[in-house]
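S.K.:
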Amino acid sequence: MRNSNTNNWRSTALIAGAILTAGVVTTTSTTDVHADNSQNNAQVSNGQVTYDQVRATADQQLAQLQSANDSKEAQQATANEQSNAADLAQTNAQIDQLKASHAALEQEQAGAIAQAQASTTASIEAQTSAANAEYQQQINAQQQNEATQRAANDQQYAQAVSQAAENQQAVADINAQYQQALSDAANTQTSQAQAAANNYNSAVAKENDTYQGKLSAQKATNAENIKNAEASLASVTANANKPYEVATTNDVAVTGRVAKPQTDVKVPAYVTKYGIHLEVRGYNGAIPVSDYTYPEFANTYYGEYPDSAVITNKAAESTPHDISEMPLDFQPGLLSYDAKNDHSEKVSADGLTADQVQVLRTLALSWENGFRNNVFQNYREFYNVVNKNDGFVNVAPVDLVSTDFTDNIANQVVANRTKYNVDNNSHTVKDSGMPTEATYSSIINNATQNLKKNLTSEFNGKTVYTDVNENLTTMQAGTPTLLNYAINLYNSMQGMYYGELVNPTHIGGHAVNLLRAGIRTVGIGFQKLTDEMTAKNGSGVSDRKNPSYAVTFDHVGFNIDHDANLTKEVQNRNVWGTSTVDAQLNTIKTAQYHVNKVPGTKTVTPTATDVQKATASEQQKLADVKAQAQQSLDALASAHQASLNKLEQQYNDAKAQVKANYDVAVTKAASVRDAALKATGVVDLQAYKAQLDSAYQNLVKADQVAAQKLAADRDAKITNIKKAENAKLDAKINELVPSVDPQIKQLQDQHQAVIAHGDAVLAELKAENKAAYNKLAEQFNVQLAAIQRREDAKRANEVRLANNTVVLPSAVKVANDGNVDTVAFPTATNRLQAETTGRIQPVSAPSIVKTATQTPIAVAPVVTTGNHAAENTVKSNESSAPVVTQTAAVAAATNSGTQTPVASTADNKATKADNNEKSVVKADTVAKKQASAKKSESSQKVNQSSMSIVALAATALLGTLGITYSSKKRHN
Numbered sequence: 004m005r006n007s008n009t010n011n012w013r014s015t016a017l018i019a020g021a022i023l024t025a026g027v028v029t030t031t032s033t034t035d036v037h038a039d040n041s042q043n044n045a046q047v048s049n050g051q052v053t054y055d056q057v058r059a060t061a062d063q064q065l066a067q068l069q070s071a072n073d074s075k076e077a078q079q080a081t082a083n084e085q086s087n088a089a090d091l092a093q094t095n096a097q098i099d100q101l102k103a104s105h106a107a108l109e110q111e112q113a114g115a116i117a118q119a120q121a122s123t124t125a126s127i128e129a130q131t132s133a134a135n136a137e138y139q140q141q142i143n144a145q146q147q148n149e150a151t152q153r154a155a156n157d158q159q160y161a162q163a164v165s166q167a168a169e170n171q172q173a174v175a176d177i178n179a180q181y182q183q184a185l186s187d188a189a190n191t192q193t194s195q196a197q198a199a200a201n202n203y204n205s206a207v208a209k210e211n212d213t214y215q216g217k218l219s220a221q222k223a224t225n226a227e228n229i230k231n232a233e234a235s236l237a238s239v240t241a242n243a244n245k246p247y248e249v250a251t252t253n254d255v256a257v258t259g260r261v262a263k264p265q266t267d268v269k270v271p272a273y274v275t276k277y278g279i280h281l282e283v284r285g286y287n288g289a290i291p292v293s294d295y296t297y298p299e300f301a302n303t304y305y306g307e308y309p310d311s312a313v314i315t316n317k318a319a320e321s322t323p324h325d326i327s328e329m330p331l332d333f334q335p336g337l338l339s340y341d342a343k344n345d346h347s348e349k350v351s352a353d354g355l356t357a358d359q360v361q362v363l364r365t366l367a368l369s370w371e372n373g374f375r376n377n378v379f380q381n382y383r384e385f386y387n388v389v390n391k392n393d394g395f396v397n398v399a400p401v402d403l404v405s406t407d408f409t410d411n412i413a414n415q416v417v418a419n420r421t422k423y424n425v426d427n428n429s430h431t432v433k434d435s436g437m438p439t440e441a442t443y444s445s446i447i448n449n450a451t452q453n454l455k456k457n458l459t460s461e462f463n464g465k466t467v468y469t470d471v472n473e474n475l476t477t478m479q480a481g482t483p484t485l486l487n488y489a490i491n492l493y494n495s496m497q498g499m500y501y502g503e504l505v506n507p508t509h510i511g512g513h514a515v516n517l518l519r520a521g522i523r524t525v526g527i528g529f530q531k532l533t534d535e536m537t538a539k540n541g542s543g544v545s546d547r548k549n550p551s552y553a554v555t556f557d558h559v560g561f562n563i564d565h566d567a568n569l570t571k572e573v574q575n576r577n578v579w580g581t582s583t584v585d586a587q588l589n590t591i592k593t594a595q596y597h598v599n600k601v602p603g604t605k606t607v608t609p610t611a612t613d614v615q616k617a618t619a620s621e622q623q624k625l626a627d628v629k630a631q632a633q634q635s636l637d638a639l640a641s642a643h644q645a646s647l648n649k650l651e652q653q654y655n656d657a658k659a660q661v662k663a664n665y666d667v668a669v670t671k672a673a674s675v676r677d678a679a680l681k682a683t684g685v686v687d688l689q690a691y692k693a694q695l696d697s698a699y700q701n702l703v704k705a706d707q708v709a710a711q712k713l714a715a716d717r718d719a720k721i722t723n724i725k726k727a728e729n730a731k732l733d734a735k736i737n738e739l740v741p742s743v744d745p746q747i748k749q750l751q752d753q754h755q756a757v758i759a760h761g762d763a764v765l766a767e768l769k770a771e772n773k774a775a776y777n778k779l780a781e782q783f784n785v786q787l788a789a790i791q792r793r794e795d796a797k798r799a800n801e802v803r804l805a806n807n808t809v810v811l812p813s814a815v816k817v818a819n820d821g822n823v824d825t826v827a828f829p830t831a832t833n834r835l836q837a838e839t840t841g842r843i844q845p846v847s848a849p850s851i852v853k854t855a856t857q858t859p860i861a862v863a864p865v866v867t868t869g870n871h872a873a874e875n876t877v878k879s880n881e882s883s884a885p886v887v888t889q890t891a892a893v894a895a896a897t898n899s900g901t902q903t904p905v906a907s908t909a910d911n912k913a914t915k916a917d918n919n920e921k922s923v924v925k926a927d928t929v930a931k932k933q934a935s936a937k938k939s940e941s942s943q944k945v946n947q948s949s950m951s952i953v954a955l956a957a958t959a960l961l962g963t964l965g966i967t968y969s970s971k972k973r974h975n
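And the structure:
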């Protein structure tokens, strides 16, 4: 039985500028897990005196200038009104004088005007009388002409009447001959019409007999054809209704064995007595199970022990036998390992192959997504606390992806950790002994800089937050198989995530890092540990004969202005690379569930639909035969009707010819009669009388038209006479009394010019006043901006400590943002003392001891709160390391929302133990105001009198960032 050492982890709080570490002597080996997430909070400047004074002066002078401008414009407007009124009075007086002068002249020339008017009236009357006389003469001539024509017509008609009486007998004989010719033509017409009717009736009877014969023969043929088609359909229908055998392929679902996580965990008394030691803020010792909102989460703590060695009631259903039996959904609970039933592939002494690493990446990605989705669906209160300030409350997270993009990040992280000999107790950060450019945050920033630049440009005017963090754990195996490594990693992640969900006010940093809705990708790295690393006290590796690994989870994502819709739209873009785990994931899913095709036969009883389909062709043939039969009958009927129509047309043609013959005979008789009458000189008196009357009416109509034109000419002539005479009169009156209208129009135009000039002067004054005001305002804006930049630079390194201000040492550059300065603090000289002071409680054996490290990371000293983390309150009755809480000024700046972060990246390295509000760096921006300092809680007070100025500064920065330090110890 191998040593029941632990597979522990620890989360470390990372701070800027100070290294606070703790260490204890351990009796057995341990494993560390870390959550790394930057914590930044804003400071508010109190140096606003000069700025506010200039601002007040600017407001006063601008107000005075505006008042003066308004006064000048009002004066000009008043002057315009007065000038316009005076000019209007003068203009009206001049117009009245002109009108009075004109009226006096009219009075003076009244006699001459009356004489001219009388002369004009007399002339018009004389010329009008002459025109009317000329018109009457023309009308009289027309009437005389009409009387002459009427007398001539009467004389001509009387002569025609006299001649007709002399030829009366000859006319009677001619008319008698004409009537006999008409009678002969009528008799001939009757005889020819009867002959045509007889011929038509005979032809119709013959056609009807022929049609009836053809119809009877066609009906007999049709009946035989339909009978044969019906018999064929009956035969096919009988065959179609017979049952038959068919080959089949059945879908048989195959469900593979999947291990079910065990939640009812029982452990030995010494393990229970030792308790649960997870680094959740507010707990320095064991976490009471009673504090867990969901007690099953507490049991996941025992996943720290390799293969769950301390579990005494291991369930068979919780023991996978191969990789394909590993659960993918990551429900709360632990798995057990049975080496005798391990059918997975071996892991060589050289360690995991690339394919084996990819399998473990696939599983770990599925578990991380399973944890996020399960917490959102079933434990929503934890998810909402973490994302309460990020716009994702009650908004489901998007699944994380593992792609070629994240594999490159993970591989670089592993290569840099290996190169700089970083062990499994340290994050991929500068304080682990590597240069800034080798840290995980630098790697991520380099990989995402173009994407971040594009997003910042695309969402101009909005804040683009960068979510970046790293979780760290250790993976080992007592048996060198892929399944043993997978179970070890699964259980370790259970405790690392579910174990840290104590209650909504106490959530560990690993869980916080993973529950952030802003992250979209995860690079999962597997760093093979050296023998030197595994031999260290606190390494947590119990079986050193097989390779052990530090497993890093580097999460990356962006949150667009705390807007869930915008953020998820960016997350769903095709910008995160190509998945590299789909094949492995599909292989596991197929093993756990797939469908097999099984061949067989079955007897099929045809349905009505089947019979319908089988007989459709014969049914169509029968329908076609019936249709053809009807078509043949229709064709006979159509031909018969065509013959009848032809006979009828021939009959109509014959009748038309008989009528034409009659019309020719009648026309000939009338022609003979007319010729005979003409030879005798006889005239048709009625027609002759009509002819004479028509000629007379035409003359009258022509005279009427001419009379209308004569009247129009006369009226036009009279109008022209009046117009010419009145024009002469107007000229004479204008000569006697000239008009004053042109002079009045000129005076009115001059008055409008005066008004327009005043308006132009006022508009020019307003434009000059506005330009002067804008120029003064711009001068003040330039001065205020210069004061602001000077104040920003002055307070960049100041930290408020109680009622004092501490000026920090010179700034250094953050690795991933060249525009943001950071503050470097001296490190504590006694690492062991700094780690253990006020933190380590003696624990009697047997127990498991876990060392704690404090990993620093450079952070910009002046940031705005991005609220990218859940807030965990520290219980006041618990023992904890010295902590300085946020000052009231910082809290005020955080809560007021006056700071506006920009898209610059703050690595967002939140720790598992530190779950307070997260921040995003705002480049070149400082807080404008600083409120009074807030007293720390009694359990977090610092005895500042016993601290050096370096310790004071470090502690003050810790308080400003809202960070506390905690460590977890456990002994074998």
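Numbering (the numbering used here), first residue to last: 4 to 975.
Glycine is no exception: its CB is placed at the ideal position from the N, C-alpha and C atoms.
I'd like to check one pair, Tyr181 with Arg676: are the Cβ atoms closer than 8 Å?
M.R.: Yes. Within cutoff.
S.K.: Nearest by alpha-carbon distance to Asn392: which of Leu185, Asp564 and Leu636 is it?
M.R.: With distances taken between Cα atoms, Asn392 lies closest to Asp564.
S.K.: Do the region 198 to 206 and the region 636 to 654 touch if we need at least three Cβ pairs shorter than 8 Å?
M.R.: The region 198 to 206, when compared against the region 636 to 654, does touch it at the 8 Å Cβ threshold.
S.K.: Report all residues from its chain with a CB closer than 6 Å to the CB of Gln359; omit the five preceding and five following residues, and keep chain order.
M.R.: So the list reads Leu485, once near-sequence residues are dropped.
S.K.: May I have the straight-line CA-CA distance separating Gln159 from Ser165, to the nearest angstrom?
M.R.: Distance between the alpha carbons of Gln159 and Ser165: 10 Å.
S.K.: Apart from the five residues on each side of it in sequence, which residues of its chain come closer than 8 Å, Cβ to Cβ, to Ala59?
M.R.: Excluding residues within five positions, none has a Cβ falling inside 8 Å.
S.K.: Need the endpoints of the beta strand (DSSP E) that Ile446 sits in, please.
M.R.: Per DSSP, Ile446 belongs to no beta strand (DSSP E); it is in the alpha helix (DSSP H), Tyr443 to Glu461.
S.K.: Near Lys1002, which residues of its chain fall below 8 Å by C-beta distance, leaving aside the five closest residues on each side in sequence?
M.R.: There is no way to answer for residue 1002, as the model of the chain reaches only from 4 to 975.
S.K.: Quick check: what's the CA-CA separation for Thr151 versus Ala136?
M.R.: Rounded to whole angstroms, Thr151 to Ala136 spans 23 Å at the Cα level.
S.K.: Taking only three categories from DSSP, how would you classify Met478?
M.R.: Note: Met478 maps to strand in three-state DSSP.
S.K.: Within 10 angstroms of its Cβ, does Lys456 collect 16 or more other Cβ (buried), or is it exposed?
M.R.: So Lys456 counts as exposed.
S.K.: Short check: CB of Tyr500 to CB of Leu475, under 8 Å?
M.R.: Going by C-beta atoms, Tyr500 is not nearer than 8 Å to Leu475.
S.K.: Do the CB positions of Phe529 and Leu368 come within less than 8 Å of each other?
M.R.: No, these two residues do not count as a Cβ contact at 8 Å.
S.K.: Is Val559 near Gln361, with beta carbons less than 8 Å apart?
M.R.: No, they are not a contact pair.
S.K.: Just mark Val467 as buried or exposed, buried being the case when its beta carbon has 16 or more other beta carbons within 10 Å.
M.R.: That one is buried.
S.K.: Let me know the secondary structure DSSP gives Ile314 once reduced to three states.
M.R.: Correct three-state label for Ile314: coil.
S.K.: Comparing C-alpha positions only, which one of Asn784, Tyr596, Thr610 and Ala763 sits nearest to Gly259?
M.R.: Closest option to Gly259, Cα to Cα, is Tyr596.
S.K.: Tyr273: buried (16+ other C-beta within 10 angstroms of its C-beta) or exposed?
M.R.: Exposed, since its Cβ has fewer than 16 Cβ neighbours within 10 Å.
S.K.: For the region 71 to 140, list the beta strand (DSSP E) runs that are entirely contained and at least 3 residues long, ordered along the chain.
M.R.: Runs of the beta strand (DSSP E) inside the region 71 to 140: none found.
S.K.: Run the CB neighbour count on His430, radius 10 Å, all protein chains shown included, and call it buried at 16 or more, exposed below.
M.R.: Classification for His430: buried.
S.K.: I'd like to check one pair, Glu282 with Gly511: are the Cβ atoms closer than 8 Å?
M.R.: Going by C-beta atoms, Gly511 is nearer than 8 Å to Glu282.
S.K.: CB Gly278 to CB Ala289, shorter than 8 Å?
M.R.: In contact: Gly278 and Ala289 (Cβ atoms closer than 8 Å).
S.K.: Verify whether the separation of the beta carbon atoms of Asp470 and Ile522 is less than 8 Å.
M.R.: Their beta carbons are under 8 Å apart, which means Asp470 touches Ile522 by this criterion.
S.K.: Which same chain residues, not among the five before or five after Glu299, have their C-beta less than 7 Å away from its C-beta?
M.R.: For Glu299, where only same-chain residues beyond five positions count, the Cβ hits under 7 Å are Thr266 and Pro335.
S.K.: My output table needs one value for His643: the three-state DSSP class, helix, strand or coil.
M.R.: Helix.
S.K.: Taking the straight line between their C-alpha atoms, what separation do you get for Lys720 and Ala705?
M.R.: Rounded to the nearest angstrom, the two C-alpha atoms are 23 Å apart.
S.K.: In three-state DSSP terms, what is Gly603?
M.R.: Gly603: strand per DSSP, three-state reduction.
S.K.: Let me make sure I understand the geometry here. Which of Gln746, Ser641 and Tyr776 has the alpha-carbon closest to that of Gln97?
M.R.: Checking every option, the nearest Cα to that of Gln97 belongs to Gln746.
S.K.: In chain order, what residues of the same chain lie with their CB nearer than 7 Å to the CB of Ala199, ignoring the 5 residues before and after it?
M.R.: Same-chain partners within the cutoff: Tyr654, Ala657, Lys658 and Val661.
S.K.: Looking at the structure shown, is Asn472 part of a helix, part of a strand, or coil, going by DSSP?
M.R.: Three-state DSSP puts Asn472 in a strand.
S.K.: Hey, Leu532 and Thr365 are a contact pair by Cβ (cut 8 Å); roughly how many whole angstroms apart?
M.R.: That belief does not hold up - the Cβ atoms of Leu532 and Thr365 are roughly 22 Å apart, past 8 Å.
S.K.: How long is the line joining the alpha carbons of Gln574 and Asp534, rounded to whole angstroms?
M.R.: Rounded to whole angstroms, Gln574 to Asp534 spans 41 Å at the Cα level.
S.K.: Measure the Cβ-Cβ separation of Glu473 and Asp557 and say whether it is below 8 Å.
M.R.: Yes, they are a contact pair.
S.K.: With DSSP as the reference, please indicate the residues paired to Ile563 in a beta bridge.
M.R.: Beta-bridge pairing links Ile563 to Val467.
S.K.: State the DSSP-derived secondary structure class of Val686, mapped to helix, strand or coil.
M.R.: In this structure, Val686 counts as coil in the three-state DSSP scheme.
S.K.: Is the region 320 to 339 in contact with the region 479 to 499, if contact means three or more CB pairs nearer than 8 Å?
M.R.: Cβ pair count under 8 Å is three or more, so yes.
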